[in-house]
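Enquirer: Take a look at the following structure, please.
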Amino acid sequence: MELPPGAAFSYHRAVAPMLWILVGLMVVETAVVHLLVALWSGRAALILSLFSLAALVWLILLIRSFKRRPVLLDSASLTWRIGSLRSLTVPRAQVAGLRPDWTLADLKHAGVLNGALLAYPNIVITLDPPARMGRRTVRYLAHRLDDPAAFAAALGTQLVSRAVKRNARARPGR
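Numbered by my numbering, the letters in the sequence shown go through residues 113 to 286 in order.
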């Protein structure tokens with residue numbers, strides 16, 4: 113079974129709520145700190161407010177980009193997106209499969225591209241060979257998808273069909 117070109121898997125319902133809570137905390141913290149700084153220096157409070165406002169706008173734009181930039185999977189490639197923050201496209205041949213279990217320590221490893229940001233990932237993919245992302249080597253892709261079962265089924269279907277094709281080529285005449 114082939115996937116339609118560019119099958120999309122969303123993650124905004126799983127990742128965005130925790131980031132919206134961060135936005136709320138950021139607003140409260142910014143208001144309190146800026147009022148205290150304003151008592152000391154009005155100019156310093158204004159400069160700090162401009163930086164904080166820019167950071168807040170950037171975070172809101174990032175959260176809103178999650179819906180527009182889903183993870184894409186087709187027969188040729190996998191595009192692992194983290195909103196407008198990061199994107200990594202790897203050939204399907206490089207995807208070794210799903211990792212069945214992982215720990216928090218595994219996710220903190222330098223070779224993991226974690227798209228879940230503040231949330232705990234519900235899917236981890238192994239890359240073989242590892243992908244290059246700038247100066248960084250990425251061995252695992254982690255994310256918190258809205259429907260991990262559908263993604264695993266699509267990925268599993270493709271991995272099985274690729275393995276069957278490889279075995280058929282390896283045994284000609286059968």
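Just so you know, even glycine gets a beta-carbon here, dropped at the ideal spot from N, CA and C.
Just list the residues that DSSP pairs residue 121 with in beta bridges.
Expert: The residue labelled residue 121 in the question sits at position 9 within the sequence shown. Answer by DSSP bridge pairing, in chain order: 183.
Enquirer: To which residues of the same chain is residue 206 closer than 6 Å at the C-beta, ignoring the five residues directly before and after it?
Expert: If you number the sequence shown from 1, residue 206 lands on position 94. These residues qualify, in order along the chain: 239.
Enquirer: Can you tell me where the beta strand (DSSP E) holding residue 243 begins and where it ends?
Expert: The sequence position of residue 243 within the sequence shown is 131, counting from 1. Looking at the DSSP string, the run of the beta strand (DSSP E) that includes residue 243 is 235 to 245.
Enquirer: Check residue 211 in the structure and name its three-state DSSP category.
Expert: Taking the first residue of the sequence shown as position 1, residue 211 is located at position 99. Coil.
Enquirer: Using 8 Å for Cβ pairs, my map puts residue 223 next to residue 250. What's the rounded Cβ distance?
Expert: In the sequence shown, counting from the first residue as 1, residue 223 sits at position 111. In the sequence shown, counting from the first residue as 1, residue 250 sits at position 138. So it is a contact: roughly 6 Å between Cβ atoms.
Enquirer: Just the C-alpha distance for residue 157 and residue 147, rounded to the nearest angstrom, thanks.
Expert: The residue labelled residue 157 in the question sits at position 45 within the sequence shown. The residue labelled residue 147 in the question sits at position 35 within the sequence shown. Roughly 8 Å separates the two Cα atoms.
Enquirer: So the candidates are 263, 226, 145 and 267; which of them puts its Cα closest to the Cα of residue 322?
Expert: Absent from the model: residue 322. The displayed extent of the chain is 113 to 286, so no value can be given.
Enquirer: For residue 197 and residue 134, which I take to be in contact (beta-carbon distance under 8 Å), what is that distance rounded to the nearest angstrom?
Expert: On the sequence shown, position 85 is the one that residue 197 refers to. On the sequence shown, position 22 is the one that residue 134 refers to. Contact flag wrong, Cβ pair sits at about 14 Å.
Enquirer: For the candidate residues 212, 241, 201 and 258, whose alpha-carbon lies nearest to that of residue 228?
Expert: Against the sequence shown, residue 228 aligns to sequence position 116. Nearest of 212, 241, 201 and 258 to residue 228, Cα basis: 258.
Enquirer: Residue 209: which of 193, 241 and 232 sits nearest, CA to CA?
Expert: On the sequence shown, position 97 is the one that residue 209 refers to. Taking each of 193, 241 and 232 in turn and checking the Cα distance to residue 209, the smallest one comes out for 241.
Enquirer: Please state whether DSSP places residue 248 in a helix, a strand or coil.
Expert: Locating residue 248 in the sequence shown gives position 136, where the first residue counts as 1. Residue 248: strand per DSSP, three-state reduction.
Enquirer: Kindly identify the DSSP beta-bridge partner or partners of residue 201.
Expert: Working through the sequence shown from its first residue, we reach residue 201 at position 89. DSSP output for residue 201 lists 191 as bridge partner(s).
Enquirer: If residue 216 sits next to residue 202, beta carbons under 8 Å apart, how far is it from one beta carbon to the other, in whole angstroms?
Expert: The sequence position of residue 216 within the sequence shown is 104, counting from 1. The sequence position of residue 202 within the sequence shown is 90, counting from 1. The pair is not a contact, with the Cβ atoms about 24 Å apart (cut-off 8 Å).
Enquirer: Considering only the beta carbon of each residue, do residue 200 and residue 267 sit closer than 8 Å?
Expert: Here residue 200 refers to the residue found at position 88 of the sequence shown. Here residue 267 refers to the residue found at position 155 of the sequence shown. It is not a contact, given that the beta carbons lie outside the stated cut-off.
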